[in-house]
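Here it is as structure tokens:
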């Protein structure tokens, strides 16, 4: 990664608390409800998530720490980003 990319990663990490507060809570609650219903109706099947433009993996960390995926025994979470090396930052976080 270039120094420009390093600055971008720093920016993305710095704005995580702002993004946390900016998320629309009713939408998050709806997501949790739907994922819980999915877990009940498809017991034994892994939850598959694709995060396009995943950046540093903030959304994955956020959803895990908030317990959004707690109803699922197995999760397959794929992060995709066009910036070279961004996946390494996501994995390291």
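In the working numbering, the protein residues as written are 11 to 103.
Quick reminder that beta carbons are idealized off the backbone N, C-alpha and C, glycines included.
Give the secondary structure of residue i by DSSP, where H, G and I count as helix, E and B as strand, and everything else as coil.
i	result
residue 19	helix
residue 58	strand
residue 78	coil
residue 38	helix
residue 83	coil
residue 51	helix
Would you please state the rounded distance, in angstroms, between the beta carbons of residue i and residue j? I believe it to be under 8 Å.
i	j	result
residue 64	residue 91	5 Å
residue 113	residue 23	No answer is possible for residue 113: it lies beyond the span of the chain, which begins at 11 and ends at 103.
residue 42	residue 59	Residue 42 to residue 59, Cβ: 14 Å. No contact.
residue 89	residue 61	5 Å
residue 57	residue 45	7 Å
Once the 5 residues before and after residue i are set aside, which same chain residues still bring their CB inside 7 Å of it?
i	result
residue 19	66, 99
Tell me residue i's beta-bridge partners as DSSP assigns them.
i	result
residue 89	61
Once you ignore the five residues that flank residue i on each side, which residues in its own chain have a CB closer than 8 Å to its CB?
i	result
residue 30	72
residue 50	81
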